[in-house]
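Undergrad:
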Amino acid sequence: MASEILIPQFVAERRRGIAINPPAQPSARNLFGEVEEFMTGNDGLSSSFVETVAGLTAGIVSTLCLHPLDLIKTRLQVDPSLSSRSHESLRLVQGIFRHEGGLAAFYRGLTPNLLGNSTSWALYFLCYGNIKELMRTWSGGTLGEGLSSADYFLASGSAGMLTSVLTNPIWVIKTRMLSTGSRVPGAYASLVVGARQIFRAEGLSGFYRGLVPAMLGVSHGALQFMAYEQLKLYRTRMAAGDAQGGTDGPSSWRPESPELGNVDYFVLSSLSKLFAGCVTYPYQVLRSRLQTYDAHIIYMGVRDAVMKIWVREGIKGFYKGLMPSLLRVLPNTWVTFLVYENTRAYLPRLVLKG
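Heads up, the sequence shown is in UniProt numbering, so the first residue is 1 and it goes up one at a time.
#1: Do you know how far the Cα of Trp138 is from the Cα of Ala243?
#2: In chain order, what residues of the same chain lie with their CB nearer than 6 Å to the CB of Ala150, ignoring the 5 residues before and after it?
#3: Here's a check: name, in chain order, each residue in its chain whose Cβ is nearer than 7 Å to the Cβ of Ser269, leaving out the five neighbours to either side.
#4: Quick one: what's got a C-beta closer than 6 Å to Val306's C-beta in the same chain, skipping five residues either side?
#5: Apart from the five residues on each side of it in sequence, which residues of its chain come closer than 7 Å, Cβ to Cβ, to Leu116?
#6: Quick one: is Glu51 buried, meaning 16 or more other Cβ sit within 10 Å of its Cβ, or exposed?
#7: Between the alpha carbons of Gly261 and Thr236, how many angstroms are there, rounded?
#8: List the endpoints of the continuous alpha helix (DSSP H) containing Glu313.
#9: Applying the criterion that 16 or more other CB atoms from any shown protein chain within 10 Å of the CB defines a buried residue, is Lys316 buried or exposed?
#10: Please state the DSSP three-state secondary structure of Thr343.
#11: Just to confirm the assignment, what range does the alpha helix (DSSP H) spanning Ser190 have?
#12: Please go through the UniProt repeat "Solcar" (147 to 234) and give each complete alpha helix (DSSP H) segment of 4 or more residues, from N-terminal end onward.
#13: May I ask you to verify whether the stretch 121 to 129 touches the stretch 199 to 210, counting CB pairs closer than 8 Å and requiring at least 3?
#14: Could you spell out the range, first to last residue, of the alpha helix (DSSP H) harbouring Leu103?
#15: Closer than 6 Å by C-beta to Gly33: which residues in its own chain qualify, once you throw out the five before and the five after it? Chain order, please.
#16: Indicate whether the contact test is met: 3 or more Cβ pairs, each with one atom in the stretch 215 to 232 and one in the stretch 270 to 277, closer than 8 Å.
#17: On a CA-only basis, which of Gln284, Ile297, Glu259 is nearest Ala345? Give me that one, please.
#18: First and last residue of the alpha helix (DSSP H) that includes Tyr293?
This is the structure we're talking about:
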């Protein structure tokens, strides 16, 4: 007599349920359903989808507009023989134009820069918005309540650290491509070629050179967004005519929120960027030095790089490329925030209207 295999009741019920309602097979419809779930919320488009698209768009537009200035800034940061004075910058521009291929030379490294900026901003705003919502939930606050300066600093810093870890490999390749001309022996011909050469010569660790300074640089974004959020909160209250009002900041879009104009975003983003930039610029120089081709030969680490820059170049060494950086950073900030805020405001209307 064959022995009977006893099946637990919950397993039997589970099997009967599957037999009656079999799970849906993977299909294009299911895939689009999952995408739609990410895109939509209770009141239309979800804040996560809006933040991602707005950040992606801002990164693409700002990079296409300002890539040449980024290239010049990088060259000044990594070359100890150059100073950040205006005549040195002009000489560098002339040299690039004459010896590296004309106007096209100023767009060397565009692909990794475009990929890095668009991905970084999309990830950053996605993480930033969701972290703020989690902080409100944990604190028992409601969606109409604002966060403190410390909350914004923590949320921005956390989003920045996560974004830095995920995108650092792209920035290593971008820095190396921008720091040398395409005709220099050993220069990367493309993003893929650069990734392949780094992996072969340096292994996985090569993709994370400069990560420590990048993590230190997260404080820049944290300070900037802390200032931006508070300035925006103050300006929004003024626009609403209610000193006791609140705002969510850029974590979710709500049509009933008082809207600011482009002039407001222009001024607020400028003030917050200048505040953060004056405090944290030296880390950018340090990060660029540690991400160059021969950084592993010249510097033994972050501390060694700091000491060598200090001994050889003094305090000025940490501020090399500051002028081109300011010329690039402010326009980049204006473009990024104007595109971001307008995309974030009008995307839900356009999609829901359609």
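The C-beta atom is built at its ideal place from N, Cα and C for all residues, glycine as well.
Here the structure is a predicted model, which is why all the values come from computation and not from measurement.
TA: Put simply:
#1: Because the pLDDT of Ala243 is 40, which lies under 50, any placement of that residue in the model is unreliable, and the question is left without a value.
#2: none
#3: Tyr228, Thr333, Trp334, Phe337
#4: none
#5: It is Gly, not Leu, that sits at residue 116 in the sequence shown. Answer for Gly116: Thr167, Ile170, Trp171, Lys174, listed in chain order.
#6: By the 16-neighbour rule on beta-carbons within 10 angstroms, Glu51 is buried.
#7: Rounded to whole angstroms, the separation of the alpha carbons of Thr236 and Gly261 is 10 Å.
#8: Annotation for Glu313: the continuous alpha helix (DSSP H) segment containing it runs 302 to 313.
#9: Classification for Lys316: exposed.
#10: helix
#11: Segment: none, Ser190 is in no alpha helix (DSSP H) and carries neither H nor E.
#12: 149 to 179, 191 to 202
#13: In short, these stretches do not touch, since the Cβ pair count stays below three.
#14: According to the DSSP assignment, Leu103 belongs to no alpha helix (DSSP H), since it is labelled neither H nor E.
#15: In this predicted model, Gly33 has a pLDDT of only 49, less than 50, meaning its place in the structure is not dependable enough to derive any value.
#16: Yes: at least three Cβ pairs fall under 8 Å.
#17: Glu259
#18: Counting along the chain, Tyr293 falls outside any alpha helix (DSSP H), and DSSP gives it neither H nor E.
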